[in-house]
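Single-structure report; data block below.
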Amino acid sequence: MTTQADPRPAQQRPDSGELLEFAVGGMTCASCAMRIERQLNRLDGVTATVSYATERAYVTSSGGRQPTDFISVIETAGYTAELAGGGVGRTPDDQATRQLGRRLAACAPLATGTIVLAMVPAAQFPGWQWVSLLLAAPVAIWGAWPLHATAWRGLGHATATMDTLVSLGVIASFGWSVYALLFGGAGAVGMHMPFALTFGLASGQSIYLEAAAGVTTAVLAGRYLEARAKARSGSALTALAALAAKDVHVLRAGAEQTIAVEALQAGEEFVVRPGEKVATDGLITGGASAIDAAMVTGESVPQEVTVGDEVIGGTMNVTGRLVVRATRVGADTTLAHITRLVTEALASKARSQRLADKVAGVFVPCVISLAVVTLGFWLGSGVSGASAWSASVAVLVVACPCALGLATPTALMAALGRGAELGILIRSAQSLETAGRIKALVLDKTGTLTTGTMTVQRITTTPDCDEAAALRYAGAVEAASEHPAGQAIVIEATRRCGPLPTVSQFTSVAGSGVRGLVTSDLVIVGNEGFVAESGLAVPVELSAAVAQAGADGWTAVLVGWQGQARAVFAIGDTPRAGGVAAIARLRKLGLRLLLLTGDSRQAAVTVAGQLGIPAGDVIDTAQPATKARVVRELQEAGYAVAMVGDGVNDAAALAAADLGMAMASGTDAAIGASDLTLTSADPGVIADAIQLARATLAVIRINLSWAFGYNVIAIPLAALGYLNPLFAGVAMAASSLIVVSNSLLLRRFRPRRARR
Amino acid sequence: MVSPAARLLAFVLLLVVMFAGAYAVGVRLGPVALTHSEQGPGSTMHMPMGGRSGR
Chain A
151 MTTQADPRPA QQRPDSGELL EFAVGGMTCA SCAMRIERQL NRLDGVTATV SYATERAYVT
211 SSGGRQPTDF ISVIETAGYT AELAGGGVGR TPDDQATRQL GRRLAACAPL ATGTIVLAMV
271 PAAQFPGWQW VSLLLAAPVA IWGAWPLHAT AWRGLGHATA TMDTLVSLGV IASFGWSVYA
331 LLFGGAGAVG MHMPFALTFG LASGQSIYLE AAAGVTTAVL AGRYLEARAK ARSGSALTAL
391 AALAAKDVHV LRAGAEQTIA VEALQAGEEF VVRPGEKVAT DGLITGGASA IDAAMVTGES
451 VPQEVTVGDE VIGGTMNVTG RLVVRATRVG ADTTLAHITR LVTEALASKA RSQRLADKVA
511 GVFVPCVISL AVVTLGFWLG SGVSGASAWS ASVAVLVVAC PCALGLATPT ALMAALGRGA
571 ELGILIRSAQ SLETAGRIKA LVLDKTGTLT TGTMTVQRIT TTPDCDEAAA LRYAGAVEAA
631 SEHPAGQAIV IEATRRCGPL PTVSQFTSVA GSGVRGLVTS DLVIVGNEGF VAESGLAVPV
691 ELSAAVAQAG ADGWTAVLVG WQGQARAVFA IGDTPRAGGV AAIARLRKLG LRLLLLTGDS
751 RQAAVTVAGQ LGIPAGDVID TAQPATKARV VRELQEAGYA VAMVGDGVND AAALAAADLG
811 MAMASGTDAA IGASDLTLTS ADPGVIADAI QLARATLAVI RINLSWAFGY NVIAIPLAAL
871 GYLNPLFAGV AMAASSLIVV SNSLLLRRFR PRRARR
Chain B
4 MVSPAARLLA FVLLLVVMFA GAYAVGVRLG PVALTHSEQG PGSTMHMPMG GRSGR
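For the protein sequence lines, the chains are A and B, in the order given.
Residues 151 to 906 in the working numbering are what the first sequence spells out, letter by letter.
Residues 4 to 58 in the working numbering are what the second sequence spells out, letter by letter.
Right under this line is the structure:
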C-alpha cells in the first residue's frame, strides 16, 4: 500500500482546527481511553476523542498547540503516544513489534536454560538453582515488564485481563522462588529437584523459576506472532489527506498562479487540466470535461460536466480543461466532511473485548480468591507458614499455563497463513473474533460486486452493419481519445477485431463525442445529440437501444458514418465473475445482505437483479453519510455488521461497521479503515473470510477451553498441596501441544463452496 | 456506576472474609485433612531421592 503524506513536518502544518491523529500505546481497557480523553479535553480549545479499539487519539486544536504538547499530556497520564499517519518511515506498530522481537530474542535462550535445569535432574550441578535464578531474573523482570505495567494499570481500573493473570503468575512464582532460595532452604548447594511418579506434597523449598521464565517467554512469543501477523495498517485519515489536491492553479488578475490549496479562497477561480484532481468543491465557469468521481461518490460512470455544473474536490478530471469557481474550501468541503465521518466512526467504534480477556476477567478474581482460601485453610490447620504459602503460591503459578498465551496467537497465525492463500489479509485477532459473529453484511456495488471498470455490455446495430465493423470504426476513432467509455470500446474492438485502422483528422468535442477519418469515411462517435447534430440520421431501433441502455443504468455511445448512425454501444460496469455464487453462499451462511451504492436506482437494481439480490435490499444514490448511517441502523437493530467496500466514500461505513472488509484494489482510505483486506477479485472470498473467521473462532474457543481446562485439574491439586512436578510439566507441555496442533488444523481449512 | 476504587476495595474485603472463613474451616477440618494427607503441605514423606516436591 502506498500513501502520500503531507511532506511538511507536522509541526509546520497550520493548526487552526486541524485534526491530529496519535497512536496511543499502553491502554488496557476502555477506562484508559476515557482517562486520556479527559486529560486532553482539559486543555483550552482542544477537542479530543480516544478510541481503545483502534488505539488512536484524535485531537482537534484551535489554540496554536504543537503535537508534542498532546504527546506529553498522554505520556503524563502514563501511556505512550506518537503522531500517527506520517506514512514515512517506521510506524509505531513496527517499533512495538521490533521491541517485542528483541525482548523475545533475549528471553528465549534464558528461559530454555532455566527449563532444562529444572526439568532434567541430570543437569542439576551443585548450585544450579542460583544459576537458574540468574537466568530467570531478567526474563521475569525485564521480559515480562510490559505485562506487569499493563496489569498495574488495569488494577487502577479494577479490571483483570490476560496480562493480569500472567503478571500475577510470574510475580508469584519468581517472588516465591527468591524467598525459598534465600530463606526457605532451597538455596542449599547440592539441592536437587527430581521428578516423582507418585503424588508428592509441595514444600516450602519449591522453586518455580522455570514457570516464571517459561510462561513469560510463551506469552511474548504469542504476542510477537500476533504483532507480526498484523498487516501494516495504513491510516485511513492519511489516505484521505493524500486524496486531496496539494496545489491549485488559481486565476488571479487573469494570470494562472500555482499556490498551495490551503491558500485558495472561496469565490476564486482555478484551472483543472486533464489528469489533475479538482482542488476543492466548486462550480464550473468554463470548459467541459468528464469527471471521475468514483473515489469520492462511488458513481461508476464518469460524469460529463460543463459550465454551471458542480464538481467535488478530490475527484479526477479526465478529459478537458475546466475553469472552476471555488464554492467551499478547507473544512467545509465534501472530502473534509468524509474525513470527519471517518474520524467519528473510528473514535466511537465499540470495544470488542478479546475472548481471552473476557475469560480472564472472571478467572483472575476466582484464582486470587482460591489462593487466599488455600492460604487461610492451611494456616488454620496448623501447618508451617512456609508450607501454607507454598500451596497458595502454587495455585497462582499453575493458574497461568503457557497454552493460554499460545491459544489465540497460534490460531491467528494459522488462519492468517490460510487466509493469505485464499486472498484474505487479516489485520488482527480481534478482527477475526468479530468476523466470526457477523450477522449482517452491507455490500458496496462499484468495485466490490462489480469490476468498477467500464466495459461494453451490449451492441445494437442496424441491419446493414455488423458488430465487427461498428467496433472497428468506433475503436479506431476512440483510440485517439482518453474518455473511459471510449477506452471500453477500444478494448472490446481490439479483443474482437485485432489491430485497428489508423485515424486522421481527429477532433474531440468535450462531453459530447469524437470524430475522425477512417479509411476515407468520416466516423462520428458520441452521444445521441452529438451524432444527430453531426448530421447523421438515427434509426428508430437505435433510439430504442439508447433508451434501453439508460433504463439499465448504462451509458449509450453511438457510432455512424456515411450519413447514418450504425450502432449503439451500451457501456457500463460488469458484475464480477462469481458474484451470483458468492451471494448465494453468503445467504446460506445466514447473513442479512444489503446492497449499497452511490449509483442511480436503475444501475443499482440492474446489477442487484443480475446478482440475485431483491430490489428491496438495494439502497441507491447513497452518500458517505448514508452508508455509515445504514451500518449504524443495522447495529442498533442488534446485528453485528460487516461492510465490504473499496472507495473513499465507503471509508466511514467501513470504520463504523463491526468488521470492515476492503477490496485490495480499493483506495488506501478504504483499506486503512477496514479490518480485513480481500486480495482476490472473486467476491466468493467474502464468504470464505466469514467461514474462515467462524472456523478460527471455534478453534480459539477450543484452545482456551484446553488451556483453562488444564487449570481445572491442576488448581485443586495445587490448593490441596499436591503439585506434582511431573504432572504439572507434562500437562503444561501437553496442553501447549494440543493448542498448537489444534491451531494447525486451520491450515487445512477449506471453504465450503456452494454447488453450482 | 461503582468506581474502580470501590470495586477494588469490595474485592479486598471479600478476600479478607474468605481468608477468615477458610482459616476457621482449616482449624476445624485441618487435623482431618492432615491425617488424610499424612503431613499436609511441606511434607517430605514419600518423596523419592529423600527429596522434596515442587516443579
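Virtual Cβ for every residue (Gly too), placed ideally from N, Cα, C.
Contact belief for Ala624 of chain A with Ile639 of chain A at Cβ below 8 Å, rounded distance in angstroms: Locating residue 624 of chain A in the first sequence gives position 474, where the first residue counts as 1. Locating residue 639 of chain A in the first sequence gives position 489, where the first residue counts as 1. The C-beta separation of Ala624 of chain A from Ile639 of chain A comes to about 5 Å, placing the pair in contact by the 8 Å criterion.
Nearest-angstrom Cα separation, counted from Leu854 of chain A out to Val514 of chain A: If you number the first sequence from 1, residue 514 of chain A lands on position 364. If you number the first sequence from 1, residue 854 of chain A lands on position 704. C-alpha separation (whole angstroms): 14 Å.
Limits of the alpha helix (DSSP H) - the one that Tyr329 of chain A falls within: Counted from its first residue, the first sequence places residue 329 of chain A at position 179. Bounds of the alpha helix (DSSP H) holding Tyr329 of chain A are 312-332.
Residue range of the beta strand (DSSP E) that includes Asp431 of chain A: Taking the first sequence and counting its residues from 1, the one referred to as residue 431 of chain A is at position 281. Segment 431-436, the beta strand (DSSP E) holding Asp431 of chain A.
Cβ-based neighbour list, Gly666 of chain A, same chain, cut-off 8 Å, excluding 5 preceding and 5 following: Translated into positions along the first sequence, residue 666 of chain A becomes position 516. Cβ within range, chain order: Ala626, Val627, Ala630, Val653, Ser654, Gln655, Phe656, Thr657, Leu672, Val673.
Nearest-angstrom Cα separation, counted from Val223 of chain A out to Ser6 of chain B: In the second sequence, counting from the first residue as 1, residue 6 of chain B sits at position 3. In the first sequence, counting from the first residue as 1, residue 223 of chain A sits at position 73. Taking C-alpha positions only, Ser6 of chain B is separated from Val223 of chain A by approximately 23 Å.
Rounded separation between Ala443 of chain A and Met466 of chain A - CA only: Against the first sequence, residue 443 of chain A aligns to sequence position 293. Against the first sequence, residue 466 of chain A aligns to sequence position 316. Cα to Cα, the separation comes out at about 7 Å.
Val421 of chain A versus Gln453 of chain A - alpha carbon distance: Here residue 421 of chain A is taken as the residue at index 271 of the first sequence, counted from 1. Here residue 453 of chain A is taken as the residue at index 303 of the first sequence, counted from 1. Going from the Cα of Val421 of chain A to the Cα of Gln453 of chain A covers about 18 Å.
Beta carbon of Val468 of chain A nearer than 8 Å to that of Ile434 of chain A: Indexing the first sequence from 1 puts residue 468 of chain A at position 318. Indexing the first sequence from 1 puts residue 434 of chain A at position 284. Here Val468 of chain A is not near Ile434 of chain A, since their CB atoms are 8 Å or more apart.
Nearest-angstrom beta carbon gap, Ser893 of chain A and Val849 of chain A [assumed within contact, 8 Å]: For the purposes of this step, residue 849 of chain A is identified with residue 699 of the first sequence, where counting begins at 1. For the purposes of this step, residue 893 of chain A is identified with residue 743 of the first sequence, where counting begins at 1. Indeed, because the Cβ distance is near 6 Å, the residues count as touching under 8 Å.
Cβ separation of Gly703 of chain A and Val681 of chain A, assumed to be a contact under 8 Å, to the nearest whole Å: Here residue 703 of chain A is taken as the residue at index 553 of the first sequence, counted from 1. Here residue 681 of chain A is taken as the residue at index 531 of the first sequence, counted from 1. Their Cβ separation, rounded to whole angstroms, is 21 Å, which puts Gly703 of chain A and Val681 of chain A out of contact at 8 Å.
Within-8 Å CB hit, Ile518 of chain A to chain B: One-based indexing of the first sequence puts residue 518 of chain A at position 368. Chain B contact via Cβ: present.
Neighbour flag for Leu16 of chain B against chain A, beta carbons, 8 Å: As a first step, residue 16 of chain B must be located in the second sequence, where it is residue number 13. For Leu16 of chain B, no Cβ of chain A is located within less than 8 Å of the residue's own Cβ.
Beta-carbon proximity of Lys508 of chain A to Gly464 of chain A, cut-off 8 Å: In the first sequence, the residue the question calls residue 508 of chain A occupies position 358. In the first sequence, the residue the question calls residue 464 of chain A occupies position 314. The criterion of a C-beta distance shorter than 8 Å is not satisfied by Lys508 of chain A and Gly464 of chain A.
Close-in-space but distant-in-sequence residues of the same chain around Arg897 of chain A (CB under 7 Å, 5 per side omitted): As a working note, residue 897 of chain A is residue 747 in the first sequence. Excluding positions up to five away in sequence, the list reads Ala564, Gly567, Arg568.
Residues near Asp397 of chain A in its chain [Cβ-Cβ closer than 8 Å; skip 5 each side]: Walking along the first sequence from the start, residue 397 of chain A turns up at place 247. Same-chain partners within the cutoff: Thr408, Ile409, Ala410, Val411, Ala429.
Member of A:Val889, A:Ala843, A:Gly871 whose CA lies at the smallest distance from the CA of Phe899 of chain A: To locate residue 899 of chain A, count along the first sequence from 1; it is residue 749. Closest by alpha carbon: A:Ala843.
Residues that Tyr208 of chain A bridges to, as DSSP identifies them: Residue mapping note: residue 208 of chain A aligns to position 58 of the first sequence, counting from 1. Looking at the DSSP assignment, Tyr208 of chain A forms a beta bridge with A:Glu171, A:Thr199.
Candidates A:Ala753, A:Thr817, A:Ile763, of which the one nearest Asp770 of chain A by Cα: For this step, residue 770 of chain A is matched to residue 620 along the first sequence. Selected option, being the one with the closest Cα: A:Ala753.
Rounded separation between Asp749 of chain A and Ala772 of chain A - CA only: On the first sequence, position 599 is the one that residue 749 of chain A refers to. On the first sequence, position 622 is the one that residue 772 of chain A refers to. Rounded to whole angstroms, Asp749 of chain A to Ala772 of chain A spans 8 Å at the Cα level.
Cutoff 6 Å; reference Ala590 of chain A; Cβ partners in own chain excluding five residues on either side: Translated into positions along the first sequence, residue 590 of chain A becomes position 440. Excluding positions up to five away in sequence, the list reads Arg742, Leu784, Tyr789, Val791.
Segments assigned beta strand (DSSP E), at least 3 residues, entirely inside the stretch 823-870 of chain A: Counting whole runs of 3 or more residues, the stretch 823-870 of chain A contains the beta strand (DSSP E) stretches 826-828.
Helix, strand or coil at Asn467 of chain A according to DSSP, with G and I counted as helix: Residue numbering aside, residue 467 of chain A sits at position 317 when the first sequence is read from its first letter. For Asn467 of chain A, the secondary structure class from DSSP, reduced to helix, strand or coil, is strand.
Contacting residues, own chain, Cβ-Cβ under 6 Å from Gly239 of chain A (five flanking each side not counted): In the first sequence, residue 239 of chain A corresponds to position 89, counting from 1. With a pLDDT of only 37 at Gly239 of chain A, under the threshold of 50, the placement of this residue in the model should not be trusted; the figure read from the coordinates follows. Closer than 6 Å at Cβ, skipping near neighbours: no residue.
Runs of beta strand (DSSP E) wholly within the stretch 592-658 of chain A (minimum 3 residues, chain order): Listed in chain order, the complete beta strand (DSSP E) runs (minimum 3 residues) inside the stretch 592-658 of chain A are 600-611.
Status (buried if at least 16 other CB within 10 Å, exposed otherwise) for Val522 of chain A: To locate residue 522 of chain A, count along the first sequence from 1; it is residue 372. Classification for Val522 of chain A: buried.
Three-state secondary structure (DSSP) of Asp563 of chain A: The residue given as residue 563 of chain A occupies position 413 in the first sequence. Residue identity differs from the one stated: residue 563 of chain A is Met in this sequence, not Asp. In the three-state reduction of the DSSP assignment, Met563 of chain A falls in the helix class, which pools H, G and I.
Burial state of Thr348 of chain A, where buried means 16 or more other Cβ atoms lie within 10 Å: The sequence position of residue 348 of chain A within the first sequence is 198, counting from 1. Note that Thr348 of chain A scores 36 on pLDDT, short of 50, meaning its location in the model is unreliable and no value can be drawn from it.
Continuous alpha helix (DSSP H) stretch holding Leu297 of chain A: start and end: As a position in the first sequence, residue 297 of chain A is number 147, starting the count at 1. 295-306 is the span of the alpha helix (DSSP H), which, as asked, contains Leu297 of chain A.
Pair within 8 Å by beta-carbon distance, Leu370 of chain A and Leu254 of chain A: Indexing the first sequence from 1 puts residue 370 of chain A at position 220. Indexing the first sequence from 1 puts residue 254 of chain A at position 104. Yes, they are a contact pair.
Short-range partners of chain B found in the stretch 294-322 of chain A, where Cβ spacing is below 8 Å: Near chain B, meaning a CB-to-CB distance below 8 Å, the residues of the stretch 294-322 of chain A are Leu305, Gly306, His307, Ala308, Thr309.
Minimum Cβ-Cβ distance from Leu525 of chain A to chain B less than 8 Å: The residue you call residue 525 of chain A lines up with position 375 of the first sequence. Closer than 8 Å to some Cβ of chain B, the Cβ of Leu525 of chain A qualifies, so yes.
Between the CA atoms of Val266 of chain A and Gly810 of chain A - distance to the nearest angstrom: Locating residue 810 of chain A in the first sequence gives position 660, where the first residue counts as 1. Locating residue 266 of chain A in the first sequence gives position 116, where the first residue counts as 1. C-alpha separation (whole angstroms): 46 Å.
Where Gly530 of chain A meets chain C, residues with beta-carbon distance less than 7 Å: Checking the listed chains, one finds no chain C in this structure; the protein chains it contains are A and B.
Residue closest to Asp614 of chain A, alpha-carbon to alpha-carbon, out of A:Leu692, A:Thr705, A:Cys647: What you label residue 614 of chain A is simply residue 464 of the first sequence in a count that begins at 1. That would be A:Leu692, whose Cα lies nearest to the Cα of Asp614 of chain A.
Per-residue contacts from Pro515 of chain A into chain B (C-beta, under 8 Å): As a first step, residue 515 of chain A must be located in the first sequence, where it is residue number 365. Identification of chain B residues near Pro515 of chain A by a Cβ-Cβ cut-off of 8 Å yields Phe14, ordered along the chain.
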